[in-house]
Structure formats: C-alpha cells, structure tokens
Amino acid sequence: MKRKWKIILGAVIALIIAGAFFTESTKGLEVDVLTVSPDTISKVFEEEGEVVSQVQRPIFPTYGGKIISLNVEEGQQVHSADVLAALDSQELELQLEQLKAEKKLTYLGKLAATQAKRQLDTARTDYQRSQQLFASGALTKAELEAAQSAFEAAETNLAQQQQNYSGKAESIAAQIDLLEHKIEQMNIKAPVDGIIANLAVKEGEAVVPNAPMMIIFQKENYQIETYILTEDVNRISPGMQVDLVQDNQEDDVRFSGTVKTIAPAAVDKISALGLEEKRVKVTIAPKIPDTLSLRPGYSLDVIFTTAKQEGKLIVPKTTLFPYQDGKALWLIKDGKASIHQVKTGFENDRNIVIEDGLAPGDNVILNPQLKGLKEGQKISGKNI
0 MKRKWKIILG AVIALIIAGA FFTESTKGLE VDVLTVSPDT ISKVFEEEGE
50 VVSQVQRPIF PTYGGKIISL NVEEGQQVHS ADVLAALDSQ ELELQLEQLK
100 AEKKLTYLGK LAATQAKRQL DTARTDYQRS QQLFASGALT KAELEAAQSA
150 FEAAETNLAQ QQQNYSGKAE SIAAQIDLLE HKIEQMNIKA PVDGIIANLA
200 VKEGEAVVPN APMMIIFQKE NYQIETYILT EDVNRISPGM QVDLVQDNQE
250 DDVRFSGTVK TIAPAAVDKI SALGLEEKRV KVTIAPKIPD TLSLRPGYSL
300 DVIFTTAKQE GKLIVPKTTL FPYQDGKALW LIKDGKASIH QVKTGFENDR
350 NIVIEDGLAP GDNVILNPQL KGLKEGQKIS GKNI
C-alpha cells in the first residue's frame with residue numbers, strides 16, 4: 000500500500016516539474032522593452048541661478064550715529080523720499096546754533112569795514128585837495144606827505160577790515176552749509192520706491208558710516224543671474240530661450256526665460272567640490288507665472304538647450320552594442336529576439352537618434368547584456 004502511494008506522489012511531482020518547465024519555455028525570457036515612436040531629443044546643460052532685482056539699492060548712513068527712530072520693518076513697501084530711519088543729530092544742531100550766533104557777530108566786522116570805507120573816502124578827498132594846494136604853493140611838502148600817508152593808511156585799514164570780514168563770513172557760511180547737510184543726512188531716506196529687505200539694524204543701535212542697514216528692491220523687475228563655465232559660453236547667445244525650474248514641495252514649477260546679457264569677462268568661482276573654476280555671469284529675463292511667488296535670493300535651476308531635433312526615433316545609448324563593424328539593437332520580432340544593425344545620428348548624454356534600421360512601433364530590448372538573450376530566443380516583453 001505504501002509503495003503504491005510513493006509511486007503516485009512521485010508521478011505528481013514529475014507532472015508539476017514538467018508543467019513548470021513547459022510554462023517557462025512557452026512564456027519566454029522576460030525583458031524590459033521600449034516601444035519607439037517619433038520624439039524630441041535635446042542637448043542641454045544645467046546651472047543654478049539666483050533671483051535678483053534689477054532695481055536694488057543698498058541703504059547705508061553717510062555719517063555715523065545712534066538710531067533714534069527706525070520707521071520700517073522687513074518686507075514693508077516704501078516710497079521714494081520716505082524717512083526710513085533717523086540718527087541722533089542733537090550735537091550737530093547745537094554746533095549749528097553756535098555758528099549762527101557767530102554769523103551774527105560778523106555784522107560788527109561789516110560795520111567796521113563800512114567805517115573804514117568812509118575813512119578812506121575822506122582821506123582821499125583830503126589828499127586830492129592837498130595836492131591842489133601844494134601845486135599853488137599854499138601847502139608845504141610836509142603837509143602834502145602827511146595827507147598822502149593818511150590816505151595810504153586808510154587804504155590799508157579798509158583792505159584789512161574787508162579781508163577779516165569776508166574771510167570769516169565765508170568760513171562760517173561754509174561750516175553752516177556743511178552742518179545743515181550733515182543734519183539732513185541724519186534722516187536716512189528711501190532713494191526709490193520698493194520693498195525693505197535684509198534689515199540689519201535696530202532702534203537704539205549705533206551705526207558707522209557706509210555700514211549696510213538694509214536694501215530696497217522692486218519686485219516688478221526681477222532677473223535671474225547664473226554663472227556658466229567658460230567652455231559653455233560659445234554655446235549660448237543673447238536672445239536664447241532657456242527653461243527655469245523652481246523647486247517646490249509639491250510640484251516643480253517650470254517656466255521660460257530669455258538670455259539678456261553675457262558678461263565680457265570671466266570671474267573665479269568655487270565649485271561645490273571646493274575647486275576654483277572660471278565662470279561667466281549670464282543674466283536672464285524670466286517670464287514668471289502669476290501663480291509663482293519669487294523673492295531676491297531664491298535659487299532655481301537654469302536649463303540651457305543648445306541643440307534639438309524633433310520627430311526622431313530615439314533610444315537609450317545603453318541599448319546599443321558593437322556588431323559587424325557597426326552598431327546594433329536587440330528587437331522583438333514575432334515574439335523572438337532579433338539583432339538589427341542600425342545607423343545612429345544626433346545624441347546627448349543619455350539618448351541617441353536611430354537614423355536607419357528602426358521603425359515606429361518597434362520594441363527595443365533595453366538590456367542587451369541580459370543573461371540568456373540570444374538570436375531567436377522567445378521573449379516575454381514588458382514596457383517600461
């Protein structure tokens with residue numbers, strides 16, 4: 000009885016193995032395939048760009064001082080001539096009052112000069128009369144010389160009084176103008192309409208001349224700046240269309256832009272690997288979608304398309320292999336693997352155009368090195 004069951008069990012196992020072998024042999028070798036159809040292939044290179052404002056003004060004090068009033072905050076809209084901050088000008092105003100008082104005292108100098116002018120007029124008249132009297136013999140030479148000396152002394156006195164008055168008056172006027180200018184500059188004003196950013200100061204802090212306080216930018220005039228390798232410069236030109244990609248949490252936003260300017264000289268830049276590279280600045284005018292919010296300093300990808308062909312049959316370069324002094328692909332024909340020699344054309348880093356030997360709808364086996372793949376092998380293809 001036991002022997003009978005062993006025979007039955009052995010027969011069942013044999014049937015299972017035979018069925019599995021039959022199924023495998025009829026199913027064929029499983030491969031990933033690509034069904035080709037006319038498509039577009041491009042040569043591109045990509046760089047990182049930064050959003051900048053065409054109108055961006057740094058704000059800094061001409062003179063130092065303590066901030067007694069800060070009238071703006073980050074992101075605030077301001078208008079030209081708005082007072083952004085006020086510095087303490089009390090000491091300057093006291094100096095101005097002192098100079099104005101000194102200016103009033105120069106009035107006395109003006110009076111002295113006027114008096115000296117009158118004295119000179121009198122001395123001149125006396126000297127001219129003395130000359131006439133001396134000519135008629137009514138005046139001695141000594142008396143004439145005395146009149147002449149008085150006239151010359153009056154001339155010298157007037158010149159000195161005028162010099163003292165005018166020199167001091169001009170000096171005080173110049174000092175007053177300078178102090179009034181300084182006091183005016185203690186009110187930090189907006190040079191243009193725009194939005195406050197990079198606010199770096201607080202009320203009560205002291206600032207020094209030319210230290211950055213904030214910037215004002217205009218969001219209506221954004222542009223993209225990127226730096227490309229010198230070897231890529233000849234591949235682009237002003238007016239060239241580029242693709243811009245903003246990385247968002249949900250979906251990347253892709254929009255277009257136009258190359259505006261290419262810098263005439265290269266600059267040194269440090270790569271992500273810490274290597275020094277020669278790069279050229281490229282400015283791009285973006286066409287920003289209304290739904291996208293950008294700010295100066297934002298990063299995005301800039302994709303330059305340097306060449307493009309449309310309506311071509313394209314395959315990954317990894318599907319090709321050397322064959323009879325040329326190149327070939329594995330295709331699926333009538334459910335079996337078949338080698339087809341092809342002629343290639345335009346290519347980029349990943350894909351290549353098949354100019355001859357391939358037709359729309361052909362199924363290309365993606366892995367030509369797949370174990371078990373041979374001419375006439377039954378194939379079970381799976382599109383990816």
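Each residue of the sequence shown is one higher than the one before, counting from 0 in numbering that gives the first Met the number 0.
Every residue gets a Cβ at the ideal spot worked out from N, C-alpha and C, and that includes glycine.
Which one of D355, Q323, D333 has the shortest CA to CA distance from I378? Nearest of D355, Q323, D333 to I378, Cα basis: D333.
Nearest to A158 by alpha carbon, out of Q118, D192, Y126, H180? Nearest C-alpha to A158: Q118.
Report the partner residues of Y404 according to the DSSP bridge assignment. What the structure shows of the chain is the stretch from 0 to 383, and residue 404 is not part of that stretch, so it cannot be assessed.
Taking all protein chains shown into account, decide if L365 is buried (16 or more other Cβ within 10 angstroms of its Cβ) or exposed. Buried.
Alpha carbon to alpha carbon, how far is V266 from E204? Give it in angstroms, no decimals. The alpha-carbon atoms of E204 and V266 are separated by roughly 37 Å.
What three-state label does DSSP hand K102 in the structure shown? Three-state result, K102: helix.
Counting only the same chain and skipping the five closest in sequence on each side, list residues whose C-beta sits under 7 Å from that of P367. Here the set comprises T318, F320, W329.
Evaluate contact between the segment 284–291 and the segment 40–47, counting only Cβ atoms and requiring at least three cross-stretch pairs below 8 Å. At 8 Å Cβ cutoff, the stretches do not touch.
Return the chain-ordered list of same chain residues with a C-beta closer than 7 Å to the C-beta of T202, the five sequence neighbours on each side being excluded. Residue identity differs from the one stated: residue 202 is Glu in this sequence, not Thr. Hits under 7 Å: I66, S68, L69.
For the beta strand (DSSP E) holding P263, just list the boundary residues, first then last. Taken as a continuous stretch (DSSP letters only), the beta strand (DSSP E) holding P263 covers 252–269.
Alpha helix (DSSP H) runs contained entirely in the segment 165–196, provided each spans 4 or more residues: Counting only runs of 4 or more residues that sit fully inside the segment 165–196, no alpha helix (DSSP H) segment turns up.
Which partner residues does V86 have in the DSSP bridge list? First, the residue type needs correcting, since residue 86 is Leu and not Val in the sequence shown. Answer by DSSP bridge pairing, in chain order: I66.
Beta-ladder partner(s) of T343, from DSSP: DSSP output for T343 lists I353 as bridge partner(s).
Excluding the five sequence neighbours on either side, which residues of its own chain have a C-beta within less than 7 Å of the C-beta of F216, listed in chain order? S52, V54, Q55, G193, I194, A196, P295, listed in sequence order.
I'd like to know whether the C-beta atoms of D31 and I383 end up nearer to each other than 7 Å. For D31 and I383, yes; Cβs fall inside 7 Å.
Closer than 8 Å is the cut-off here; do at least three beta carbon pairs connect the segment 278–286 with the segment 221–235? With the cut-off at 8 Å, the segment 278–286 and the segment 221–235 touch.
Just the C-alpha distance for E224 and A262, rounded to the nearest angstrom, thanks. Taking the straight line from one Cα to the other gives about 11 Å.
CB of K370 within 7 Å of CB of D355, strictly: Going by C-beta atoms, K370 is not nearer than 7 Å to D355.
Please look up how many angstroms separate the CB atoms of L95 and I214, rounded, as I've assumed it's under 8 Å. With 8 Å as the limit, L95 and I214 do not qualify as a contact, their Cβ atoms being about 31 Å apart.
Starting from G310, trace the beta strand (DSSP E) in both directions and tell me its first and last residue. Run containing G310: 298–311, per the beta strand (DSSP E) assignment.
What's the gap between the Cα of E144 and the Cα of T155? Cα to Cα, the separation comes out at about 16 Å.
Rank T113, R123, M185 by C-alpha distance to the C-alpha of G63 and give the top, closest one. Among T113, R123, M185, the Cα nearest to that of G63 belongs to M185.
How big is the Cα-Cα spacing for M212 and S41? Between the C-alpha atoms of M212 and S41 there is a straight-line separation of about 46 Å.
Close beta carbons around V352, own chain, < 8 Å, minus the five adjacent residues each side: Hits under 8 Å: I40, Q308, K311, L312, I313, T343, G344, F345, E346.
Applying the 10 Å Cβ sphere with the 16-neighbour rule, what's the burial state of A100? Under a 10 Å Cβ-count criterion, A100 is classified as exposed, with fewer than 16 other Cβ atoms of the shown protein chains found around its own Cβ.
Going by DSSP, name the residue or residues bridged to F59. Beta-bridge partners of F59 (DSSP): none assigned.
Cβ neighbours of P190 in the same chain (closer than 6 Å, five flanking residues each side left out): The answer, listed in chain order, is R56.
K373: which of I331, A358, Q127, D361 sits nearest, CA to CA? Looking at I331, A358, Q127, D361, the one whose alpha-carbon comes closest to that of K373 is I331.
If you draw a straight line from the alpha carbon of E29 to that of K381, how long is it in whole angstroms? C-alpha separation (whole angstroms): 7 Å.
What residues match up with Y226 in a beta bridge as DSSP calls it? DSSP lists K280 as the bridge partner or partners of Y226.
Would you give the residue range spanned by the beta strand (DSSP E) that N362 belongs to? Residue range 362–364 is occupied by the beta strand (DSSP E) that includes N362.
For S41, the three-state DSSP class (helix, strand or coil): In the three-state reduction of the DSSP assignment, S41 falls in the strand class.
So who's on the other strand from T34, going by DSSP bridges? The partner list for T34 (beta bridge, DSSP) reads N362.
Under the three-state reduction of DSSP, which class applies to A210: helix, strand or coil? The three-state reading of DSSP puts A210 in coil, since its state is none of H, G, I, E or B.
Beta-carbon separation (whole angstroms), N362 vs P315, contact threshold 8 Å: In fact, because the Cβ distance is near 14 Å, the residues do not count as touching under 8 Å.
Assumed close pair Q222, I283 - CB separation to whole angstroms, cut-off 8 Å: At roughly 6 Å, the Cβ-Cβ gap stays under 8 Å, so Q222 and I283 are in contact.
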